[in-house]
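Accompanying notes for the structure given below.
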Amino acid sequence: MLRIDLSGRLAFTTASSKGIGFGVARVLARAGADVILLSRSEENLKKAMEKIKAESDVEVHHIVADLTKREDLERTVKELKDIGEPDVFFFSTGGPKQGYFMEMAMEDWEKAVELLLYPAVYLTRALVPAMERKGFGRIIYSTSVAIREPIPNIALSNVVRISMAGLVRTLAKELGPKGITVNGIMPGIIRTDRMIQLAKDRAEREGKTIEEALADYAKPIPSGGSASRKR
Numbered sequence: 214m215l216r217i218d219l220s221g222r223l224a225f226t227t228a229s230s231k232g233i234g235f236g237v238a239r240v241l242a243r244a245g246a247d248v249i250l251l252s253r254s255e256e257n258l259k260k261a262m263e264k265i266k267a268e269s270d271v272e273v274h275h276i277v278a279d280l281t282k283r284e285d286l287e288r289t290v291k292e293l294k295d296i297g298e299p300d301v302f303f304f305s306t307g308g309p310k311q312g313y314f315m316e317m318a319m320e321d322w323e324k325a326v327e328l329l330l331y332p333a334v335y336l337t338r339a340l341v342p343a344m345e346r347k348g349f350g351r352i353i354y355s356t357s358v359a360i361r362e363p364i365p366n367i368a369l370s371n372v373v374r375i376s377m378a379g380l381v382r383t384l385a386k387e388l389g390p391k392g393i394t395v396n397g398i399m400p401g402i403i404r405t406d407r408m409i410q411l412a413k414d415r416a417e418r419e420g421k422t423i424e425e426a427l428a429d430y431a432k433p434i435p436s437g438g439s440a441s442r443k444r
């Protein structure tokens, strides 16, 4: 098994009081990195911090913020400066409102961008200068398998998350020569709170059990999908 030593490094993870963000923070801490957790819920953050401290001998910091609010983004950057300069940045966020394309109002599209894309760009712009100065940085964005194949009933996520792929590829080319790697991950069907809610809604709509709805999300779509070709 590959062992990664991040001793002496500082990692910043968003949406990290639970779910994927918390799991990533735990792994980074186990690798020796000091970590900064961010979430809207201080109560959940404290629980997450206790769990990490119990299993890893690292410093654990936290920031309470709602990244859809501009004032919270500005405050987050200020608090990061007080804590230190992150070497690793893992960006994750919850999902936008669910529903089909024609059910979404223009306000819903604006909120989806403010949730998924704007904070990723804002925080990246704030963190990159220090990484460039050190000649080292690791940036990872958590996106979705919806980038490759749209998932029913989450039109906003399907569309807006594709912009994250463009962000990843652009930054990888621009920052790679400077010692900063940029990657995106596409989590599949993971039993998070978000996934459970999607399954509940689908189960109610289609008269199925939650487990049956979850299984449906994991099935390939045989027809009606977009075509792509590797070159």
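The numbering of the sequence shown is the working numbering, which starts it at 214 and goes up by one. Here a beta-carbon is modelled for each residue, glycine too, at the ideal position from N, C-alpha and C.
Problem - the ligand GDP heavy atom lying under 7 Å from the CB of Asp-270 - result: The ligand GDP is not part of the structure shown, which contains no ligands of any sort.
Exercise for the section: Taking only the alpha-carbon atoms, compute the straight-line gap between Leu-330 and Arg-216 and give it to the nearest angstrom. Expected result: 32 Å
Exercise for the section: Return the bridge partner residues of Ser-355 from the DSSP annotation. Expected result: Ile-398
Handout entry: For Tyr-335, the nearest candidate out of Thr-394, Lys-291 and Leu-250 (CA to CA)
Key = Lys-291
Exercise for the section: Look up Asp-285 in the DSSP assignment and say whether it is helix, strand or coil. Expected result: helix
Exercise for the section: May I have the straight-line CA-CA distance separating Leu-380 from Leu-388, to the nearest angstrom? Expected result: 12 Å
Exercise for the section: Would you mind working out which of Ile-364, Ile-233 and Ile-352 sits nearest Gly-312, comparing C-alpha positions? Expected result: Ile-364
Practice task
Kindly indicate which residue of Ile-276, Ser-229, Glu-316 and Arg-283 has the alpha-carbon position closest to the one of Lys-264.
Solution key: Ser-229
Practice task
Kindly indicate the opening and closing residues of the beta strand (DSSP E) around Ile-217.
Solution key: Looking at the DSSP string, Ile-217 is not in any beta strand (DSSP E), and its letter there is neither H nor E.
Problem - Straight-line gap, Lys-294 to Glu-272 (C-alpha atoms, nearest Å) - result: 16 Å
Handout entry: For Leu-330, three-class secondary structure by DSSP
Key = coil
Handout entry: Test item: CB-CB of Phe-302 and Phe-349 under 8 Å
Key = no
Problem - For Glu-419, the nearest candidate out of Asn-366, Leu-328, Asp-247 and Arg-239 (CA to CA) - result: Asn-366
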